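Numbering (the numbering used here), first residue to last: 5 to 137.
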Amino acid sequence: MANKKFTEQEMLTLRNSKYVLDVSPSIVHFSAEFKKLFWKELSKGRLPREIVSTLGIDPNILGDSRINGLKTMIGNEVKKGNGFRDLNTYAQGCNGYLSAENRIKYLEMQLAYKDQEIEFLKKIVSLNPEAPE
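Next up, the structure:
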């Protein structure tokens, strides 16, 4: 079953977490710190849903499908042995070198992130149209 899209309120709630670097209607980008803490707790035998909740993120917003995908993704990062990466550390994980294809992917991620920030700021401004600019 496909992941559900986040509502504006759910995205706002997720953005308030120190562990969420970005969120769009379909994707959440977690920090490397979150992934590290998640893996540490998972290694202790704690359940993924419980870990997410303990780290201050409502597991009902993410849903079981995303939580299970998160577990798999973090497990794959551990297997690769390059440490945990996030939007801020993606290029660093490549030792400063990215192939043209990976560089394009990285720049596309950055552009999408900036576009989402702009849209979010537009929505904030539209909530108070009488505010001085």
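Even glycine gets a Cβ: it sits at the ideal position worked out from N, Cα and C.
Since this is a predicted model, take the numbers as computed values, not measurements.
Rounding to the nearest angstrom, what Cα-Cα distance links residue i and residue j in this structure?
{"i": "residue 8", "j": "residue 63", "result": "13 Å"}
{"i": "residue 69", "j": "residue 132", "result": "36 Å"}
{"i": "residue 11", "j": "residue 29", "result": "7 Å"}
{"i": "residue 87", "j": "residue 112", "result": "22 Å"}
{"i": "residue 56", "j": "residue 71", "result": "8 Å"}
{"i": "residue 43", "j": "residue 79", "result": "8 Å"}
Quick one: grab the DSSP three-state call for residue i.
{"i": "residue 111", "result": "helix"}
{"i": "residue 9", "result": "coil"}
{"i": "residue 131", "result": "helix"}
{"i": "residue 25", "result": "strand"}
{"i": "residue 34", "result": "strand"}
{"i": "residue 19", "result": "helix"}
Round the Cβ separation of residue i and residue j to the nearest angstrom and send it over; I've been treating them as touching at under 8 Å.
{"i": "residue 90", "j": "residue 34", "result": "7 Å"}
{"i": "residue 41", "j": "residue 16", "result": "Not really, about 23 Å apart at Cβ, beyond 8 Å."}
{"i": "residue 23", "j": "residue 14", "result": "The pair is not a contact, with the Cβ atoms about 15 Å apart (cut-off 8 Å)."}
Going by CA-CA distance only, name the one from the options that's closest to residue i.
{"i": "residue 19", "options": "109, 50 and 61", "result": "61"}
{"i": "residue 65", "options": "76, 75 and 53", "result": "53"}
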